[in-house]
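Q: Encoded as structure tokens, here's the structure I'll be asking about.
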Amino acid sequence: MEKTLKEIALFVEGKLVGIDQEMGGKEVKIKGLSGIEEAGPGDLTFLANPKYKNFLDKTKASAVIVGEDIGIDQEIEKSRIPVIRCKNPRFAFCKVMELFFPPQKIYPEKIDKTSVLGKDVKIGKGIYIGPFVVVEDNVEIKDDVVIMAGSFIGKNSTLKENSIIYPNVTIREDVTVGKNVVIHSGTVVGADGFGYAFESGVYHKIPQVGKVQIDDFVEIGANVCIDRATLGTTKIGKGTKIDNLVQIGHNVKIGENTIIVAQVGISGSTRIGNNVIIAGQAGFVGHIEIGDRVVVGAQSGISKDIPSDTVVFGYPAREARKAKKIEACISNLPKWVKRVSELEKKIKEIEKKH
Amino acid sequence: MEKTLKEIALFVEGKLVGIDQEMGGKEVKIKGLSGIEEAGPGDLTFLANPKYKNFLDKTKASAVIVGEDIGIDQEIEKSRIPVIRCKNPRFAFCKVMELFFPPQKIYPEKIDKTSVLGKDVKIGKGIYIGPFVVVEDNVEIKDDVVIMAGSFIGKNSTLKENSIIYPNVTIREDVTVGKNVVIHSGTVVGADGFGYAFESGVYHKIPQVGKVQIDDFVEIGANVCIDRATLGTTKIGKGTKIDNLVQIGHNVKIGENTIIVAQVGISGSTRIGNNVIIAGQAGFVGHIEIGDRVVVGAQSGISKDIPSDTVVFGYPAREARKAKKIEACISNLPKWVKRVSELEKKIKEIEKKH
Amino acid sequence: MEKTLKEIALFVEGKLVGIDQEMGGKEVKIKGLSGIEEAGPGDLTFLANPKYKNFLDKTKASAVIVGEDIGIDQEIEKSRIPVIRCKNPRFAFCKVMELFFPPQKIYPEKIDKTSVLGKDVKIGKGIYIGPFVVVEDNVEIKDDVVIMAGSFIGKNSTLKENSIIYPNVTIREDVTVGKNVVIHSGTVVGADGFGYAFESGVYHKIPQVGKVQIDDFVEIGANVCIDRATLGTTKIGKGTKIDNLVQIGHNVKIGENTIIVAQVGISGSTRIGNNVIIAGQAGFVGHIEIGDRVVVGAQSGISKDIPSDTVVFGYPAREARKAKKIEACISNLPKWVKRVSELEKKIKEIEKKH
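Top line first, the protein sequences correspond to chains P, Y and E.
Sequential numbering of the first sequence, starting at 26, is according to this note's numbering.
Sequential numbering of the second sequence, starting at 26, is according to this note's numbering.
Sequential numbering of the third sequence, starting at 26, is according to this note's numbering.
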């Protein structure tokens, strides 16, 4: 693939700026895409976070997609290299990536002869089922679904149009996977929730007979666990994206377009709103409610409801401004302790004089 | 399934109370079970935690199993709906669940023709071995064991009566799995412990030649890792329940009836007692000893022995009462810092006067 | 296997000391190896950490390999049992373990008839490919590689000499695995990085078209996730050892001989140096740089660059000496708060007098 900068600027609806124009930059040819640090001549890269704008001076890329932030603009005027200014540079680069690396139909229509299909399995068109896949009774697989090698689909489950199941995924019984869902390798959907009743000195397993519902456009990373509900349904809302090694307990409900970064744990029956962002390794106790557009910092411990539009972090999690103040106090604690000791000395001296 | 409230009260040895009696409540018919928030007419639900007793006024269930706590009783007298009072409402509901959803023999006696069995494998009666299962040499599989699709059982391992291995589980060599054990998908039992000797600038792998022993009635969640011992045996005691994504290092010994919530990590050679409760994401360094009936809060960091009957939380973990005091101080730290500043001013003024 | 203490001392280039000589200890016969607590008569064990030297008095082992630390030496002179003194007792014991448990060629040369190999797969000599393994097109498998049951190797990937892939591993396309690499069960190498562009209210997936490169002598635990790069390559340097359930994001670069303990998470594009030690459950934000020989405490939260030769811990992570001071202050916080209250009272009294 090869495109001129002019063509790319047009494609992403961006504005070509910088010293490039004097240099005939519009005819610069882009042959590849790369991260800003690894980029070399012929590469296009992007800069979305103003924090990294010093890379503009260092990059060996032939051009950079940047945002419209004024601070950066001034840098750009002196920039050594052509830039394409876009409202959303990350999205613009995403589009260029799709242009250079068009999504390939990974697998042809095929049901591998080694796969094992149960009774009353409904199969749509354009489906790929790889080697050693097991599909149990009464499963419904709609058009253009891909199920890769070694994956297991339990009875009564449904996979809707265009979903991709990577190798070695386990989807247990009574799970509904929406359209255009992606589930990465090693992930387990629908294992039993963790529920026991303690009686006479031992834990009795509470039957876990609920379902899991994963809505359209959800992506689930590798080695994730999403447990089935005890009764009712564990739900992942439309467009939500879940990173690797995340734990989602029984009866959890997650809203739409929510981001859950790696190794987060969400305990049973907790509800997470829409457009929430949860950074890595954060943990939630069960039975709480997190509003819409909440942002949770990495490794935070959440034990209470959080109202919508709140930013929290810390262990225990506190509203961000309060958490920062406390953090600053803690950082200076040895000094404060010293100041208290000095005060005590002074008071003693004053008391002596009386 | 349909039961009258009277039948259910009798079955769980509970007492029917509330306004139901005036309303002929004993003839109320229960057609389904549900969580207290999702329940509708015809559903029975339960309320174990007094913290959620306000749901009693809101639920659309036809009846609720509740505890005998006096506080709740008063609520119940005015309750809109019939309740069944039980000593252990969670256990009572568990029993009703088993009544409505009796445990099914998931799979018939069958050794799938695609499975691969090694030499000298001993097979009991009533066993199900699913598609693409690999059982290596000298494995012993006792009566009524279920091994689902894609699971691997390494040489010299034993699975005792009535255990269930869900799809895509890996059990390496020299592992003993007790009776009535459940192991969920993606879990790896018996991978090498993480042990190296550093010499001449590189890490040399210490051979990991020990075993794993999982005792009767243990349940292990999905994507859990339980490493084999370097020498000797990694042990999980009878009746212990382990949630998803838990890490258990080489030579760890865990007692009986202990609860380990998701994403907990226990480093090599640490010993955990009986009836311990470890909340999610807590971490333990190696070579320490945790007594019986210890409770460890979520995300706690444990770097020292903990005596029996102690409640700890925090990072680093402290005894609960101390941890709470410190937590309260931290929460008010900005105020205390201000008060110290004010004291400094006052002292200065006093000093001036002298 | 049976060896005399004399033979073992010679083999590990250690010095036999203790009361053994009077007792004819050189002819003591060692029949087994064991941990210091579990050891019995006939066993050799080792003691590397002076912290556990009290076990010297308790162990039932017939002999102990110990270090040359003077503190321990004095204990040894009075030791009830023979000891072998070595510069590096852990490494010496590692060598004796290899003597007693010589590495076995686990599997013979064989390509299981149930495995599925794609087009243009290049296969070296001495290779074992187990049941239900899938190897896609254009994969290169060099001499003496072992790929165990149920593992998946995606197209265009390369496995170099002598590497071992345990059961149920997923290696996606365009992954290079170096020589003598070990990858444990359930691990996923090359799943898509977690990258999205937010536009018009939804997250658009950024194509993840980069590679993964795992260098020689790396060991990767069970259920680990190492994501492919968005563009470019995610790299794990030579001799680095990764424990179970670790998350390594897209475009991360890890140096050589680095130790990463269980459940650590490293976000996208972060660079970790050589000879770094990262304790369990620590987390790193993306786009930061960690120098060489850095030591990171368990559960630490790292949000900034760390220069070489630094020890850090805490949440947020601080340089160890500072973190310890702060930790001590926090531990005494209730006392300090009391002292501030007392100061306030005294000041009030002083002010009254004036």
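Glycine included, C-beta positions come from ideal geometry on N, C-alpha and C.
Bear in mind that the values here come from a model prediction, so they are computed numbers and not experimental data.
On the DSSP letters alone, give me the boundaries of the beta strand (DSSP E) that K370/P sits inside.
A: Careful: K370/P lies outside any beta strand (DSSP E), inside the alpha helix (DSSP H) at 358 to 378.
Q: For N276/P, go through chain Y and note every residue whose CB falls closer than 9 Å to its CB, in chain order.
A: The contacting residues are G60, E63.
Q: By how many angstroms is the C-alpha of I351/E removed from the C-alpha of I375/P?
A: Cα-Cα distance, rounded: 30 Å.
Q: Exposed or buried, which one is S210/P when buried takes at least 16 other CB atoms within 10 Å?
A: That one is buried.
Q: Nearest by alpha-carbon distance to K349/P: which of I231/P, V336/P, L256/P is it?
A: Among I231/P, V336/P, L256/P, the Cα nearest to that of K349/P is on V336/P.
Q: Where does E52/P fall in DSSP's three states?
A: DSSP places E52/P in helix when its eight states are reduced to three.
Q: Specify the secondary structure class of C250/E as computed by DSSP and reduced to three states.
A: Residue state, collapsed to three classes: strand.
Q: Using the Cα positions of N282/P and P114/P, report the straight-line distance between them to the nearest angstrom.
A: The straight-line gap from Cα to Cα measures roughly 20 Å.
Q: Give the interface partners of R115/E over in chain Y, defined as CB-CB distance under 7 Å, in chain order.
A: Under the 7 Å cutoff, chain Y gives A222.
Q: Can you tell me which of K112/P, A216/P, M122/P puts its alpha carbon nearest to the alpha carbon of G257/E?
A: Cα-wise, what sits closest to G257/E is M122/P.
Q: Got a sec: is the Cβ-Cβ distance from E29/P to anything in chain E below 9 Å?
A: In the sequence on display, residue 29/P carries Thr and not Glu. With 9 Å as the cut-off, T29/P does not count as an interface residue toward chain E.
Q: Please report the straight-line C-alpha distance between I313/Y and P133/E, rounded to a whole angstrom.
A: The alpha-carbon atoms of I313/Y and P133/E are separated by roughly 41 Å.
Q: What residue range is occupied by the uninterrupted alpha helix (DSSP H) comprising K329/Y?
A: First-last for K329/Y: undefined, no H or E at that position.
Q: Checking the sheet assignment: what are the DSSP bridge partners for F177/Y?
A: Paired residue(s): V159/Y, T195/Y.
Q: Any beta carbon from chain Y within less than 9 Å of I95/P's own beta carbon?
A: In this prediction, I95/P has a pLDDT of 44, which is less than 50 and means its spatial position is unreliable; what the coordinates show is noted afterwards. By this cut-off, I95/P is not an interface position.
Q: Closer than 7 Å, Cβ to Cβ, to anything on chain E: give me those residues from the stretch 179 to 193 of chain Y, in chain order.
A: Those would be N193, in chain order.
Q: Between F309/E and chain Y, is there a C-beta pair that is closer than 9 Å?
A: No, no contact with chain Y.
Q: List the whole-angstrom C-beta distance separating Y340/P from Q324/Y, where the pair is believed to meet the contact cut-off of C-beta under 8 Å.
A: Contact holds; Cβ gap of about 6 Å.
Q: What residues of chain P sit near E12/Y, judged by a beta carbon separation below 9 Å?
A: Here chain Y has residues from 26 to 379 only, and residue 12/Y is not among them.
Q: Can you tell me which residues form a DSSP beta bridge with Y228/E?
A: Paired residues: F223/E.
Q: Grab me the residues of G67/P's own chain with a C-beta within less than 8 Å of its C-beta, minus the 5 sequence neighbours each way, in chain order.
A: Once the five neighbours on either side are set aside, the close Cβ partners of G67/P are K54, I55, K56, G57, S87.
Q: Would you call Q288/E buried or exposed, if buried means 16 or more other Cβ atoms sit within 10 Å of its Cβ?
A: The residue in question, Q288/E, is buried, as its Cβ has 16 or more Cβ neighbours within 10 Å.
Q: K40/Y: which of V108/Y, I154/Y, N163/Y, K138/Y sits nearest, CA to CA?
A: It is V108/Y.
Q: Could you tell me which residues DSSP puts in a beta bridge with D82/Y?
A: Beta-bridge pairing links D82/Y to no other residue.
Q: According to the Cβ coordinates, are V271/Y and T295/Y closer than 9 Å?
A: Going by C-beta atoms, V271/Y is not nearer than 9 Å to T295/Y.
Q: I'd like to know whether the C-beta of V89/Y is nearer than 9 Å to at least one C-beta of chain P.
A: So no, V89/Y is outside the interface.
Q: Would D268/P be called buried (16 or more neighbouring beta carbons within 10 Å of its own) or exposed?
A: D268/P is buried by the Cβ-count criterion.
Q: Counting beta carbon pairs with one atom in the stretch 126 to 144 of chain P and one in the stretch 70 to 88 of chain P, are three or more of them shorter than 8 Å?
A: With the cut-off at 8 Å, the stretch 70 to 88 of chain P and the stretch 126 to 144 of chain P do not touch.
Q: Quick one: which chain P residues come within Cβ less than 7 Å of G326/E?
A: A323, Q324, listed in chain order.
Q: How should V362/Y be labelled, buried or exposed, when 16 other C-beta atoms within 10 angstroms of its C-beta is the threshold for buried?
A: Per the 10 Å Cβ criterion, buried.
Q: Give a yes or no on whether 9 Å exceeds the smallest Cβ distance from Y340/E to chain P.
A: Judged by the 9 Å Cβ criterion, Y340/E is in contact with chain P.
Q: Say yes only if the C-beta of C354/E is nearer than 8 Å to one or more non-hydrogen atoms of the ligand SAH, and no if none qualify.
A: This structure simply doesn't include the ligand SAH, nor any ligand for that matter.
Q: From the beta carbon of Q306/Y, is the nearest beta carbon of chain E less than 9 Å away?
A: Closer than 9 Å: yes.
Q: Check distances from the C-beta atoms of the stretch 248 to 265 of chain Y to those of chain P and list, in chain order, the residues that come in under 8 Å.
A: Within the stretch 248 to 265 of chain Y, the residues whose Cβ lies closer than 8 Å to some Cβ of chain P are N248, G264, listed in chain order.
Q: Using a beta-carbon distance below 9 Å, is V164/Y in contact with chain E?
A: No, V164/Y does not count as interfacial toward chain E.
Q: Do we get a CB-CB distance below 9 Å when we pair D240/P with the residues of chain E?
A: So, not an interface residue.
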